[in-house]
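If you count the sequence shown from 1, position 188 lands on 189 in the working numbering, and the numbers rise without skipping.
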Amino acid sequence: GDIWEFSYGGVDRWSDIRLRSQSAIDVSGNNSHGIQLVGRNIHVTDGSLAFVQALGNADAADINVMASDRLLLSGTNSEVTVPSGIRHELLNLTAVPGTISQGDIRITASEVVVENGAEISIPNYSSQTSGSNHLKVEGLIILDGVSNLDPIRFSRIGIAAFSEGDGGDVNVTGKRLLINDGASLSSI
């Protein structure tokens, strides 16, 4: 299919983006394209997702999020089965190891808050190397607590390799990082 690319050179003021009530931006498939979210405040809540599930034998593109003010990821769906968040999965089980790239999650913001069981995650169920999480934040990064509905669902920024593939890196740059009440920052 066609690839849409946008230029933001003439934009001097951004509006807000809100995904709520299990809304999704999903570009999953055999030849997964990336996602680019650009706004002032970007809120992803109530089990909503920006989601790539790469299935094919081609490299997957990145998820890029740029919030001039705040990125807020909060909560889960009411059944606590889907965390709100930004997720980039690799499920290719047939490619020769090391032949495809999962893609990264790249976030630039003034402030990032991940709370109430939400997540920024890169699970890898393949023999390929995982993508990486890159957060470049001017101010505060807060990872806070667990889901209000189920304390087993914790807030996290992470990468997990569930097969033969290696986990990627978690790169966080900011003025202050707070990890509170069972939240997690990890690459396993």
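All C-beta atoms in this analysis are idealised placements derived from N, C-alpha and C, irrespective of residue type, glycine included.
Nonlocal neighbours in the same chain, by C-beta distance under 6 Å from residue i, ignoring five residues either side
i: Ser188; result: Ile160, Gly168 and Val171
i: Thr46; result: Arg21, Ser75, Gly76 and Ser85
i: Leu242; result: Outside the modelled stretch of the chain, which goes from 2 to 189, sits residue 242, for which no answer is possible.
i: Leu141; result: Glu112 and Arg177
i: Gly2; result: Bear in mind that the predicted position of Gly2 carries a pLDDT of just 47, short of 50, making it too unreliable to give a figure here.
i: Ile26; result: Ile36 and Ala51
i: Val114; result: Leu73 and Ile143
Simplified DSSP assignment, three categories, for residue i
i: Leu56; result: coil
i: Lys176; result: coil
i: Glu120; result: strand
i: Ile213; result: It is not possible to answer for residue 213, since the shown part of the chain is limited to 2 through 189.
i: Thr46; result: strand
i: Glu90; result: strand
i: Gly30; result: strand
i: Glu112; result: strand
i: Gln37; result: strand
i: Val83; result: coil
i: Trp130; result: Inspection of the sequence shows that residue 130 is occupied by Thr rather than by Trp. DSSP places Thr130 in coil when its eight states are reduced to three.
i: Val12; result: coil
i: Ile153; result: coil
i: Asn125; result: strand
i: Gly2; result: Bear in mind that the predicted position of Gly2 carries a pLDDT of just 47, short of 50, making it too unreliable to give a figure here.
i: Asn181; result: strand
Reference residue i; option with closest CA among the options
i: Ala59; options: Gly104, Tyr9, Gly175 and Leu179; result: Gly104
i: Gly183; options: Ile153, Arg177, Gly175 and Thr174; result: Ile153
i: Ile64; options: Leu73, Gln23, Asn117 and Ile108; result: Ile108
i: Ser148; options: Asn78, Tyr126, Ala62 and Thr174; result: Asn78
i: Leu56; options: Ser102, Val12, Asn31 and Asp70; result: Asn31
i: Ser128; options: Glu165, Glu116, Leu92 and His135; result: Glu165
i: Ile43; options: Ala68, Glu116 and Ala51; result: Ala68
i: Gly118; options: Ser24, Gly40, Arg41 and Gly48; result: Gly48
i: Phe52; options: Arg88, Arg71 and Val113; result: Arg88
i: Glu116; options: Thr130, Gly146 and Glu139; result: Gly146
Host beta strand (DSSP E) of residue i (start-end)
i: Gly159; result: Arg157 to Ala162
i: Asp145; result: Leu141 to Asp145
i: Val138; result: Asn134 to Val138
i: Arg19; result: Ile18 to Leu20
i: Ser187; result: Ser185 to Ser188
Beta-carbon proximity list for residue i, same chain, < 8 Å, skipping 5 on both sides
i: Ser133; result: Asp105, Ile106, Ile123, Ile160, Gly169, Asp170, Val171 and Asn172
i: Leu92; result: Gln54, Ala55, Leu56, Tyr126 and Ser127
Burial state of residue i (16 or more Cβ within 10 Å)
i: Asp17; result: exposed
i: Gly10; result: exposed
i: Phe155; result: buried
i: Arg157; result: buried
i: Arg14; result: exposed
i: Val12; result: exposed
i: Thr174; result: exposed
Cβ-based neighbour list, residue i, same chain, cut-off 7 Å, excluding 5 preceding and 5 following
i: Ile180; result: Leu144 and Leu186
Neighbour flag for residue i against chain D, beta carbons, 8 Å
i: Gly104; result: In the structure shown, chain D does not exist; there is a single protein chain.
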